[in-house]
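**Q** After the structure tokens below, expect a handful of questions from me.
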Amino acid sequence: MKLDSTDTTANEPTAAPTMWRGLDELAPSPAAQAAALDEFPEGAAEFSDEPSRRRFLALMGASVALATGAGCNLRPASQRKIVPYTTQPDEMVPGVPLYFATATSFGGYGQGVLVRSNEGRPTKIEGNPDHPSSLGGAGLHALASVLDLYDPDRSRGVTRRGNAVGYDEALAALRAKLYTGSTTNTGVKVRILSETTTSPTLGAQFTRLLTAFPDSRWIQYEPISGANARAGSAKAFGTPLRAVYDFLKADVVLSLDSDFLCSGPGHVRYSRDFADRRKIRQNGKDAAAIGAGARLPEGVQADQVNRFYAVECMPTNTGAVADHRLPLLTAHIELFARELARELGVKDAPAGSLPPDAADAKAWLKPLAADLSAAARKGKTVVVVGDHAPASLHAVAFAINAHLDNIGKTVRFIASPEVTVKDKMSDLKTLTDELTAKSVDVLLIIGDANPVYTAPADIDFAGTLAAFAKEKFTLHLGQRQDETGVLCEWHVNESHYLESWGDIRGHDGTAAIQQPLIAPLHHGKSAIELLAAILPSAGDIDTKLGARVPAASRDPLDIVRATWQNTDEVRKTFPNFAKPDAFDTFWQESVRSGVVAGTTPPAPPTAPSPTLAAGWATGDAFAVPGAGKYELNIRACPSLHDGRFANNGWLQELPKPLTKIAWDNAAFLSPKTADELQVSDTYYNWNKGAGEHGRAEVGVIEIDVGGKKIKAPVWILPGHADGAITVHLGHGRDGGRVGRVATSPDELNVDGKPARGFNAYPVRTSTAPWVTKATVTKTNGSYILACTQGHWAMAEKDPVSGKLLDRKPVRKGSLAEYNANKSFAKIPPMAAGETAGINENIPRPKGSPEEHPHDERLHPLNMYQPAEVLVPDLKEAQRRRWGMAIDLSACTGCSACLIACQSENNIPTVGKTQVTKGREMHWIRIDRYYESTTPDMKGAKDAGAIKTYFQPLMCVQCENAPCEIVCPVGATVHSADGLNDMTYNRCVGTRYCSNNCPYKVRRFNFLTFKGNDWDTDTLKLGRNPDVSVRSRGVMEKCTFCVQRIRGAEIVAEREQRPIRDGEILTACQSACPSTAIVFGDLNDADSAVSRWKNEPANYGLLAELNTRPRLTHLATIRNPNPAMPK
Amino acid sequence: MPQIFPKALNPIAKMLILAAPLLAGGAGVTGAAFYRSSYATGVGEIRPQPVAFSHAHHVGQLGIHCVYCHTSVEKSGFANIPPTKTCMNCHQQIWQGADVLEPVRNSYKEDKPIEWLRVHNLPHYAYFNHSIHVAKGVGCVSCHGRLDQMNLTMQNSTLLMEWCISCHRAPEKHLRPKTEVFNMQYDPKKPAKWTAEDFGVSGTLAGKPHPALSDPAVYDAEKKEFKDRPTSQKELGLFLKDKYNVRDAVTLTNCSMCHR
């Protein structure tokens, strides 16, 4: 048997999969091929300054000199200090981290998290398994929020017109407006502008403020909000409600332009539930267990896999994992829904039909309706609509759900958890008019709303605010002096959620208490504290100032406690609630667990389900406003959201989950649209700049919406609906003091401004915030984008023929294929004839039927026979073989694992220029693969036929590791439990290991990167003390979170017990919203990882190279409907 | 071109060439010796501390247990430097006015920690965990030396990697019964009997009979008494290595044990 042979391609199945990674592969040129073969794009290993060789030598000389200088200080550590407490807190054991439950806030909604605290410094965010919006997983933004805490560019004090003042002065000035002596100025016109809030405490404070000052108004403005969904539910049921979905019980899911798996308040929970119905397990749940709502055992039997249809314009990660995906113009989506409603026989279904040219969509209707309305599926389907979709579409979807009997089963409705005040709300437009007329006395802007940057283009909020602030009182409470903050007279620095007390509700209304983990780094104040300081308080009498003026600022903990002490909500569920001791217990338990017991709204049948209101079907279908040939869709950026994360280096550098572009946004359009606009030569240009392999030189278009114009670089995205363009918000910030990450003096954006990406808000109007018609023209400009999709390609040249070998690494199949041959994924595409031999070489769990004798070997494996003395001699319970499995059926490519890994392992960010050179440091990469009918541009243009697959890949910890045998200094060697150890302090940076790694998962630290800068004090605080901070010249890679493994080993050894399965969660595993990753001991036949690896869909990536990967994947198995059009 | 060096220097040049390997070798040897010297490693060096704390007095004379101050040594990687409060537990009562304790009192009064100079400096890329060493029967003395005899604290071991690894390769040379871990005067040759605590599993017994009682190697069930401990370190070390599940040299010298 020749394991390494590549001459068995004859055995390949004739229907070869037509997989490709990016468009530049389809426009093959020698440059693209060369780029694919190169591990690093050209110039990665060089200093780009010209002349590079000379500069290199100069720097070498300098570093030799420095090294000599440093060497003179032989004992740099001899002056290190050790500083104990004066009085040590009781609960603290120095060196052992503590975990505290709290909740992140995002779009007003909370996600329960557990925060690791190392000696009082929050260092890592994990999901809170008790919180219904998390169940243990965590989203991108929650994970990255810890970096915001340590952001050195956060606002560090109170200012008045830019000059530093004290908080007390700001407070005194504000109180002087609200109170005269001891009386309240009831006539004062206060306007409060805040984001959406679900906080009961903050809500109660607003209510009290509005009661005390009756002429006041509260404005909630958020550029990305669920307002349309709320309006839709009001249209459908007569009252605004919030829909909560149960994807665990849904057999068929239809998404109408919804990215429910990767965005929105409940996406982590939805992702978990949804993925559970995608994971096929031999001993998974059967129909009865699913009906009973059981969460365990995980996964489902093969006959219980759900089916997912997605209709969307811009490809999202949700659509990417669909069984059937229909690219459709946003203009047509509601028409599609209306036709579907009629096809299903929904009573009073409104009129509206797809235009005749939407033949693809029309062909979907009948089979889709049949699938949804099958008798066995009654009450077991979900139709879910994106938050940005028009209200009328939401109403239609609710009606379809009602017709399919889903309401009260898979779709339940709760009263909106958002705090709203009747008759006291107004909108941003009204506020701007009032500010223009200067008919308002006091304007308070609270939180990250930042309307100067995010306000619709037809509202000149910036100019209005600037003029207003010159004459009237304005105060901004925010974490940074953003565009809005610099215009206001007063700016008070806000505390981070990890620094303050608060409360917040999750997607299903469950409340959580937010507790501080650290005293405010820059003495910031929370909104609750600020409001408490200005609220009239009847009870507290300030002797000096009189009865009606607020007393001295109160402890925010007391304020939040008081809210819950006086609330009716939990009285019902918590016995003897009013008694002081009982409340203490209740409070302690709520803070500890991160969930306020008794606040989860009751599920049906306890809670009645709403019925459709009479007028739900009235009105025409939504028509896209504006004029122009193209439809412009405006969406939140998957990483920067509305722009609030612009100064978060982790999120900026994150290759965006589907497009893999880092540090920028782009105008996304389909290949056909690109042809029309004559920008399709872009992908040939790509090759000039190495395309998706780092530096992509792309064309630039100008988008004109009713006279407002923006320029945007073009990114051709297969699968995008033809005739439409999508842009993401949140980029192009250069105003205010946004920070050093968001602004980029060296890397100008397409407008020549020192900002990251272009700003799309100028074409977003209040009448068309999500979609509008636009005129688009090509410009002569070009722009460089950093795209990581082509980096680290697992390509190689056939040594004999010299041809480029594509090992077609990702494996996938349909449920039918799986049922026909459960082990289909085990067949290596390049060596089908050797399947048996190759699979024998994949590490298997103990006791599995195909266990191979070599599995018992624990000694370091490499080419050379180990010396006798090197064979470990361990007791049975100490013999561990760490392994990991990733279920690609569950993976949505959301990239939360990547941020979790970055946070846990002190991984630096490198900046856009460095990313274009292939120097990004992420230990995990998520490869994206496309499949089309034909592997050429013709196939790529067939948007409806594009299928997308994700394959996360980090170091697979080969048992036969090719990197180890080439390391000249033994810096990477095997450990007895099968880890491929990387010893940074021994590495001399030859990069041979990386060169020899077939998976391309090693990362070389070319420079001491900014994100890891060793001088910024605040950033130092946020590092994980258990992981070395690497310097330049060192190779690094995934370690399976060895610090967590060794930590758990120490605890278990100390307690003289074996390590329990699930005791060690790697950072990626613990974050993964869809539980696609499992880690554990292969020597434990009952461990979860052993169960996963015993699944027939388990395959060893590139196992044909005899690497024996400890990380294996479970093939993507989709469940297409045979009745659907191809 | 005129000659720069006179011809007479030729023999010297030849000698220099011949001597080059010797010089290089000499430099290597000197370097290695310097690297291991107490100057470079800091062994035996006394650092100026804010308070002249004497382990010899507190441990040797007064017999205060290590864990009284180093509270987390059994629970955490970090043994803990005692907070000022720990000092004040006693020094509120005794030596209240001593000048030498002025910094301690100030620290307590002003809530400002005492800034000690680190005596044992491990490089940041090396991970060390006290708790597992204590749990496996490595005595304090094995690394820290006879602290009960040190007036001012100093480093006793080189902390070089070769020093760490010499023990990880042969842990049996340094293992002692758990009850002797904190014993500064422990001598394996002194005859003693096993005790139940030597094999105790803290907190996990929960009403079950102690496992040591059913172990014929340590407990004589007929006489109802514990047996004598072996008096040779080799025998004792190998016995404890087995009993305490100390892993073997191959595993203990894995890179990721200490570097991550």
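Going down the list, the protein sequences come from chains G and Z.
Start counting the first sequence at 1; every next residue gets the next number (my numbering).
Start counting the second sequence at 1127; every next residue gets the next number (my numbering).
The beta carbon of each residue, even a glycine, is placed where N, CA and C say it ideally should be.
If you're wondering where the values come from, they're calculated on a predicted model, not measured in any experiment.
1) Classify residue 645 of chain G as helix, strand or coil using the three-state DSSP reduction.
2) What ranges does the beta strand (DSSP E) occupy inside the segment 1260-1289 of chain Z, keeping only unbroken runs of at least 3 residues that lie completely in it?
3) Short check: CB of residue 739 of chain G to CB of residue 348 of chain G, under 8 Å?
4) What residues in its chain sit with their C-beta under 7 Å from that of residue 1130 of chain G, if we drop five residues either side in the sequence?
5) From the DSSP output, which residues share a beta bridge with residue 478 of chain G?
6) Report yes if the CB atom of residue 923 of chain G is closer than 8 Å to the CB atom of residue 1110 of chain G, and no otherwise.
7) Does the Cβ of residue 182 of chain G have 16 or more other Cβ atoms within 10 Å, making it buried, or fewer, making it exposed?
8) Where does residue 912 of chain G sit, in a helix, a strand or coil, going by DSSP?
9) What residues in the segment 1044-1055 of chain G have a beta carbon less than 9 Å from any beta carbon of chain Z?
10) Quick one: which residues of the segment 1254-1277 of chain Z get their C-beta closer than 7 Å to a C-beta of chain G? List them in chain order.
11) Comparing the C-beta of residue 1241 of chain Z with each C-beta of chain G, is any distance below 8 Å?
12) Residue 985 of chain G CB to nearest chain Z CB: under 8 Å?
13) Within 10 angstroms of the Cβ of residue 847 of chain G, are there 16 or more other Cβ atoms? Answer buried if so, exposed if not.
14) What separation, rounded to the nearest whole angstrom, lies between the Cα atoms of residue 136 of chain G and residue 1071 of chain G?
15) How many angstroms separate the CA atom of residue 169 of chain G from the CA atom of residue 535 of chain G?
16) So is residue 1174 of chain Z in contact with chain G if we call contact Cβ pairs under 8 Å?
17) Under 8 Å between the Cβ atoms of residue 784 of chain G and residue 916 of chain G?
18) Can you confirm whether the segment 447-462 of chain G touches the segment 217-228 of chain G when touching is taken to mean that 3 or more C-beta pairs between the two stretches lie within less than 8 Å?
19) Could you tell me which residues DSSP puts in a beta bridge with residue 743 of chain G?
20) Do the segment 323-332 of chain G and the segment 711-729 of chain G make contact, defined as three or more Cβ pairs closer than 8 Å?
21) What do you get for residue 517 of chain G, buried or exposed, if any count of 16 or more other CB atoms within 10 angstroms of its CB means buried?
22) Does the count of Cβ pairs from the segment 102-120 of chain G and the segment 507-517 of chain G closer than 8 Å reach three?
23) Any beta-carbon of chain Z closer than 8 Å to the one on residue 85 of chain G?
24) Considering only residues of the segment 101-148 of chain G, which uninterrupted beta strand (DSSP E) runs meet the minimum length of 3 residues and lie entirely inside it, listed in chain order?
25) Return the residues of the segment 1022-1036 of chain G that lie within a Cβ-Cβ distance of less than 9 Å from chain Z, sorted by chain order.
26) How would you write the range of the beta strand (DSSP E) that residue 444 of chain G sits in, first residue to last?
27) Interface residues of chain G around residue 1198 of chain Z at Cβ under 8 Å?
28) Quick check: is the beta carbon of residue 1244 of chain Z nearer than 8 Å to any beta carbon in chain G?
29) Assuming residue 132 of chain G contacts residue 506 of chain G (C-beta within less than 8 Å), just tell me the rounded distance between them.
30) How about the segment 771-787 of chain G and the segment 695-706 of chain G: do they share at least three Cβ pairs that are nearer than 8 Å?
31) DSSP on residue 637 of chain G, reduced to helix/strand/coil?
32) State the CB to CB distance for the pair residue 340 of chain G and residue 400 of chain G, rounded to an integer number of angstroms; the pair is presumed to be in contact (CB under 8 Å).
33) For the beta strand (DSSP E) that residue 991 of chain G lies in, which residues bound it at each end?
34) Going by the beta-carbon positions, is the gap between residue 498 of chain G and residue 776 of chain G smaller than 8 Å?
35) Which full runs of the alpha helix (DSSP H) of 4+ residues lie inside the segment 405-445 of chain G, going along the chain?
36) In angstroms, rounded to a whole number, what distance separates the CA positions of residue 928 of chain G and residue 532 of chain G?
**A** Short version:
1) Taking the first residue of the first sequence as 1, we reach residue 645 of chain G at position 645. Here residue 645 of chain G carries a coil assignment [DSSP, helix/strand/coil].
2) Runs of beta strand (DSSP E) with 3 or more residues, each lying fully within the segment 1260-1289 of chain Z, are absent.
3) In the first sequence, residue 739 of chain G corresponds to position 739, counting from 1. In the first sequence, residue 348 of chain G corresponds to position 348, counting from 1. No, the pair does not count as a contact, with Cβ atoms beyond the cut-off.
4) In the structure as shown, chain G begins at 1 and stops at 1126. Residue 1130 of chain G is therefore absent and cannot be evaluated.
5) Translated into positions along the first sequence, residue 478 of chain G becomes position 478. Residue 478 of chain G pairs with G:493.
6) Along the first sequence, one-based indexing puts residue 923 of chain G at 923. Along the first sequence, one-based indexing puts residue 1110 of chain G at 1110. No, they are not a contact pair.
7) One-based indexing of the first sequence puts residue 182 of chain G at position 182. Around the C-beta of residue 182 of chain G, fewer than 16 other C-beta atoms lie within 10 Å, and the residue is accordingly described as exposed.
8) Counted from its first residue, the first sequence places residue 912 of chain G at position 912. The three-state reading of DSSP puts residue 912 of chain G in helix, counting H, G and I together.
9) Flagged, chain order: 1045, 1046, 1047, 1049, 1050, 1051, 1053, 1054, 1055.
10) Taking a C-beta cut-off of 7 Å against chain G, the contacting residues of the segment 1254-1277 of chain Z are 1255, 1257, 1258, 1261, listed in chain order.
11) Taking the first residue of the second sequence as 1, we reach residue 1241 of chain Z at position 115. For residue 1241 of chain Z, the nearest CB of chain G lies under 8 Å from its own CB, placing it at the interface with that chain.
12) Taking the first residue of the first sequence as 1, we reach residue 985 of chain G at position 985. Yes - at least one Cβ of chain Z is within 8 Å of the one on residue 985 of chain G.
13) Start at 1 with the first residue of the first sequence, and residue 847 of chain G comes out as number 847. Its Cβ having fewer than 16 others within 10 Å, residue 847 of chain G is exposed.
14) On the first sequence, residue 136 of chain G is found 136 positions in, with the first residue counted as 1. On the first sequence, residue 1071 of chain G is found 1071 positions in, with the first residue counted as 1. Rounded to whole angstroms, residue 136 of chain G and residue 1071 of chain G show a C-alpha spacing of 7 Å.
15) Reading the first sequence from its first residue, position 169 is the one you call residue 169 of chain G. Reading the first sequence from its first residue, position 535 is the one you call residue 535 of chain G. Straight-line measurement puts the Cα of residue 535 of chain G at about 17 Å from the Cα of residue 169 of chain G.
16) Walking along the second sequence from the start, residue 1174 of chain Z turns up at place 48. Interface with chain G (8 Å Cβ-Cβ cutoff): residue 1174 of chain Z is excluded.
17) If you number the first sequence from 1, residue 784 of chain G lands on position 784. If you number the first sequence from 1, residue 916 of chain G lands on position 916. Yes. Within cutoff.
18) Here the segment 217-228 of chain G makes contact with the segment 447-462 of chain G; the two share three or more CB pairs at distances below 8 Å.
19) As a first step, residue 743 of chain G is located in the first sequence; it is residue number 743 there, counting from the start. Its beta-bridge partners are G:755.
20) Taking 8 Å as the limit for Cβ pairs, the verdict is that the segment 711-729 of chain G does touch the segment 323-332 of chain G.
21) Your numbering for residue 517 of chain G matches position 517 in the first sequence. Its Cβ being crowded by 16 or more others within 10 Å, residue 517 of chain G is buried.
22) Cβ pair count under 8 Å is three or more, so yes.
23) Sequence index remark: in the first sequence, residue 85 of chain G carries index 85 (1-based). By the rule that beta-carbons nearer than 8 Å mark a contact, residue 85 of chain G touches chain Z.
24) If you keep only unbroken beta strand (DSSP E) runs of at least 3 residues inside the segment 101-148 of chain G, you get 109-118, 121-127.
25) Within the segment 1022-1036 of chain G, the residues whose Cβ lies closer than 9 Å to some Cβ of chain Z are 1026, 1027, 1028, 1029, 1030, listed in chain order.
26) Start at 1 with the first residue of the first sequence, and residue 444 of chain G comes out as number 444. Taken as a continuous stretch (DSSP letters only), the beta strand (DSSP E) holding residue 444 of chain G covers 442-446.
27) As a first step, residue 1198 of chain Z must be located in the second sequence, where it is residue number 72. Neighbours of residue 1198 of chain Z on chain G, chain order: 93, 94, 95, 96.
28) Your numbering for residue 1244 of chain Z matches position 118 in the second sequence. So, interface residue.
29) As a first step, residue 132 of chain G must be located in the first sequence, where it is residue number 132. As a first step, residue 506 of chain G must be located in the first sequence, where it is residue number 506. Under the criterion of beta carbons closer than 8 Å, residue 132 of chain G and residue 506 of chain G qualify as touching, at roughly 6 Å.
30) Yes, the segment 771-787 of chain G is in contact with the segment 695-706 of chain G.
31) Translated into positions along the first sequence, residue 637 of chain G becomes position 637. DSSP, read as helix, strand or coil, puts residue 637 of chain G in strand.
32) The sequence position of residue 340 of chain G within the first sequence is 340, counting from 1. The sequence position of residue 400 of chain G within the first sequence is 400, counting from 1. That belief holds up - the Cβ atoms of residue 340 of chain G and residue 400 of chain G are roughly 7 Å apart, short of 8 Å.
33) Reading the first sequence from its first residue, position 991 is the one you call residue 991 of chain G. Secondary structure note for residue 991 of chain G: it is in no beta strand (DSSP E), with a DSSP letter that is neither H nor E.
34) Here residue 498 of chain G is taken as the residue at index 498 of the first sequence, counted from 1. Here residue 776 of chain G is taken as the residue at index 776 of the first sequence, counted from 1. The Cβ atoms of residue 498 of chain G and residue 776 of chain G lie no closer than 8 Å to each other.
35) Runs of the alpha helix (DSSP H) lying entirely within the segment 405-445 of chain G and spanning at least 4 residues, in chain order: 428-437.
36) Locating residue 928 of chain G in the first sequence gives position 928, counting from the first residue. Locating residue 532 of chain G in the first sequence gives position 532, counting from the first residue. C-alpha separation (whole angstroms): 50 Å.
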